[in-house]
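When you line the sequence shown up against full-length UniProt numbering, it's residues 1 to 338, in that order. Glycine included, C-beta positions come from ideal geometry on N, C-alpha and C. The structure under discussion appears below in the form of structure tokens.
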Amino acid sequence: MTQSPYATTAYSSANLQRQPPGKPRSGLKQLAGQRLPWGNTQEIVPDSFMMPEPSSLRSLESDRLQRDQEIAKGTYEPAPMEHIDFHDRCDHEHYRHAPWAGRTHFWLYLGGFAKVGFFIFLFLGALLAIMESLMADKDYFFVFLESFGFVFFSATLPCFSAWMLAVLVTHKFPRLWIKPGKGPKWELNRRNGMVTVFKYRRGEVSEKRAPFHEFDAYVNTTPDRQGLPMNVLSIEHRYSDISIHFGDIQPPDRNINQHCALWDFIQNYMDTNHALPDTPLFEEHRVNDATTVEHDKAAGRHPRYWRDMDDEAFKQAQSQMRAQIARINTLSRQNLAA
1 MTQSPYATTA YSSANLQRQP PGKPRSGLKQ LAGQRLPWGN TQEIVPDSFM
51 MPEPSSLRSL ESDRLQRDQE IAKGTYEPAP MEHIDFHDRC DHEHYRHAPW
101 AGRTHFWLYL GGFAKVGFFI FLFLGALLAI MESLMADKDY FFVFLESFGF
151 VFFSATLPCF SAWMLAVLVT HKFPRLWIKP GKGPKWELNR RNGMVTVFKY
201 RRGEVSEKRA PFHEFDAYVN TTPDRQGLPM NVLSIEHRYS DISIHFGDIQ
251 PPDRNINQHC ALWDFIQNYM DTNHALPDTP LFEEHRVNDA TTVEHDKAAG
301 RHPRYWRDMD DEAFKQAQSQ MRAQIARINT LSRQNLAA
């Protein structure tokens with residue numbers, strides 16, 4: 001008898017049963033969250049996982065081949081940050097999410113916001129200067145320069161300086177801004193069917209773990225800064241306080257379809273009765289997963305389906321997937337676990 005490559009605790013949709021009810025959500029969560037059903041998933045991939053592009057896959061593959069050749073010759077020189085463990089994993093066994101350190105986010109956000117601020121203040125400064133010069137009785141050019149100069153030196157120039165500083169740091173001084181976080185934030189493990197949340201306090205790490213089938217998915221709605229409703233997906237353990245919010249990997253959106261697609265994607269990823277989701281992200285790992293190998297052999301799937309795809313075909317595949325997500329039927333399904 002061949003031993004299963006998966007643990008006895010691994011999740012399989014073939015064994016999905018009705019689960020005992022858990023503790024009720026708080027009143028506020030009940031009002032702001034909509035529970036999504038288990039089961040009857042579609043072959044669907046949200047935007048956040050429909051990547052990287054085939055050209056990037058081929059480039060990564062070429063880089064690995066060159067590295068292996070240089071290692072064999074004894075001429076390989078590691079990249080400056082290659083030795084650093086960023087704690088994240090994304091393969092046939094586990095999807096582990098590990099945010100980067102705060103200073104990394106600082107430099108990235110500084111560059112982004114400063115760039116936007118520069119163009120906004122440049123436009124507003126010019127517009128204000130033109131309006132004031134048109135209303136002036138005389139010395140139009142002097143009024144224009146005075147008005148534009150005030151906005152330029154008080155806001156536009158500082159934004160430009162911050163933008164250029166961020167560009168300089170992120171392009172020339174990687175050791176100054178690239179830093180991994182304390183460790184992983186959460187993990188979905190396909191091989192053993194467990195969901196793990198990591199907590200860090202005073203230099204110590206603690207783990208909370210529970211089987212995937214004991215979680216329920218919710219689309220939570222909260223207002224943004226303008227008061228408009230924004231949705232984000234979470235999974236919450238029925239019998240404890242373990243939860244994961246997926247806002248880091250699937251940004252909040254006014255539409256819930258991408259979040260419903262993400263819930264299908266997560267179920268399919270964890271389901272050992274189902275092949276790995278067919279996305280560029282997992283293509284190189286498909287040969288390492290037993291269920292996926294059987295599926296691909298039966299379906300005649302080419303092992304380089306994504307890697308050999310041209311850019312135009314990939315854009316078409318993305319468009320077709322978005323159209324499928326727009327028609328997703330999550331909310332009309334029966335909940336097979338309730």
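{"Item": "Does DSSP put Asp-308 in a helix, a strand or coil?", "Value": "coil"}
{"Item": "Given a cut-off of 8 Å on the beta-carbon distance, is the pair Phe-49 and Phe-265 in contact?", "Value": "yes"}
{"Item": "Look up His-213 in the DSSP assignment and say whether it is helix, strand or coil.", "Value": "helix"}
{"Item": "For Ile-71, does the count of other Cβ atoms within 10 angstroms reach 16, so buried, or fall short, so exposed?", "Value": "exposed"}
{"Item": "Since I believe Trp-177 is in contact with Arg-103 (beta carbons under 8 Å), could you give me their beta-carbon distance rounded to a whole number of angstroms?", "Value": "6 Å"}
{"Item": "Return the bridge partner residues of Val-197 from the DSSP annotation.", "Value": "Trp-186, Lys-208"}
{"Item": "Taking a contact to mean a Cβ-Cβ separation below 8 Å, would you say Glu-53 touches Asp-311 in this structure?", "Value": "yes"}
{"Item": "Given that a residue counts as buried once 16 or more other Cβ atoms are within 10 Å of its Cβ, and exposed if not, what is Asn-15?", "Value": "exposed"}
{"Item": "Is Thr-222 helix, strand or coil when you go by DSSP?", "Value": "strand"}
{"Item": "State the DSSP-derived secondary structure class of Glu-236, mapped to helix, strand or coil.", "Value": "strand"}
{"Item": "Taking Ala-32 and Thr-221 to be in contact with their CB atoms under 8 Å, please state how far apart those CB atoms are, rounded to whole angstroms.", "Value": "5 Å"}
{"Item": "Grouping DSSP H, G and I as helix and E and B as strand, with all else coil, what is Ile-244?", "Value": "strand"}
{"Item": "Do Lys-179 and Trp-306 count as a contact pair if the criterion is CB distance below 8 Å?", "Value": "no"}
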